[in-house]
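In what follows, a structure is listed as structure tokens, so that the remarks can point back to it.
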Amino acid sequence: EAGVTQFPSHSVIEKGQTVTLRCDPISGHDNLYWYRRVMGKEIKFLLHFVKESKQDESGMPNNRFLAERTGGTYSTLKVQPAELEDSGVYFCASSQPGLALTDTQYFGPGTRLTVL
Amino acid sequence: AQSVSQHNHHVILSEAASLELGCNYSYGGTVNLFWYVQYPGQHLQLLLKYFSGDPLVKGIKGFEAEFIKSKFSFNLRKPSVQWSDTAEYFCAVTRPHNYGQNFVFGPGTRLSVLP
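Heads up: the protein sequence lines correspond to chains C and F, in order. Under the working numbering, the residue at position 21 of the first sequence is numbered 1133, and the numbers go up by one with no gaps. Under the working numbering, the residue at position 44 of the second sequence is numbered 51, and the numbers go up by one with no gaps.
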């Protein structure tokens, strides 16, 4: 079974540019999460999709970040315009569908974003 | 706000030494507890998890963790580490709600095992 995949693995952009990160969850996983780890700090939750709906986006830092999950399959996270403090590793995770409260989240390899 | 602390930023051990990584959380209600590991160049992998039942949880690769509710702790242990255990270890807590669970991670502990 394929795991969670993320693209690109590394992105280097200049301040003010736009970047779109993509996450493909494990097939059949309705829950999809985005997390971010800024250099030297802890991994922080950004948002949670259940299928195509945003269940919780309380962790999104500001309106420069836009996440979508059209069709309930893969998800994109767009940063526009990017700022220096957006640099970090962006992780995606997915888990089984339904209301099970004990599902394990499976993480992707992350996308390392560097904003110059 | 819910938070997770890990006692050590960087731990250096020799092979065959015993390991204990501390984790404490601040939330007083029902929690699910996890340890994840990230080996160099790889993605986060689940080591073990606790939801209920026996507070001593056994995971993969010889790791175990003990949930002590009175101390709000979930320390990770391994009796004898190997060079291949060199990695970064993350404790995480979730508070279950209706749909899924959002992790609160600790800052991570980097483990270096010397051959």
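Idealized CB from N, CA, C, for every residue including glycine.
Rounded separation between GLN1129/C and GLY66/F - CA only | Sequence index remark: in the first sequence, residue 1129/C carries index 17 (1-based). Sequence index remark: in the second sequence, residue 66/F carries index 59 (1-based). Taking the straight line from one Cα to the other gives about 43 angstroms.
For ASN1175/C, does the count of other Cβ atoms within 10 angstroms reach 16, so buried, or fall short, so exposed?
-> The residue you call residue 1175/C lines up with position 63 of the first sequence. ASN1175/C sits exposed, since fewer than 16 C-beta atoms from the chains shown fall within 10 Å of its C-beta.
Bridge-paired residues (DSSP) for HIS1122/C = Counting from one through the first sequence, the residue named residue 1122/C turns up at place 10. Per DSSP, ARG1224/C.
Counting Cβ pairs closer than 8 angstroms, one from the region 1177–1184 of chain C and one from the region 1117–1127 of chain C, do we hit at least three?
-> With the cut-off at 8 angstroms, the region 1177–1184 of chain C and the region 1117–1127 of chain C do not touch.
Name the chain F residues that come within less than 7 angstroms of TYR1186/C, Cβ to Cβ?
-> Residue mapping note: residue 1186/C aligns to position 74 of the first sequence, counting from 1. None at all; the shortest Cβ gap to chain F is about 17 angstroms.
Could you spell out the range, first to last residue, of the beta strand (DSSP E) harbouring HIS17/F?
-> Against the second sequence, residue 17/F aligns to sequence position 10. 17–21 is the span of the beta strand (DSSP E), which, as asked, contains HIS17/F.
Measuring only between beta-carbons, confirm whether HIS17/F sits less than 8 angstroms from chain C.
-> Taking the first residue of the second sequence as position 1, residue 17/F is located at position 10. Closer than 8 angstroms: no.
For the region 56–81 of chain F, which residues have a beta carbon sitting closer than 8 angstroms to at least one beta carbon of chain C?
-> For the region 56–81 of chain F, which is checked against every Cβ of chain C, the residues closer than 8 angstroms are LYS56 and PHE58.
For SER12/F, write down the residues that DSSP places opposite it in a beta bridge.
-> Translated into the one-based positions of the second sequence, residue 12/F becomes position 5. Answer by DSSP bridge pairing, in chain order: ASN31/F.
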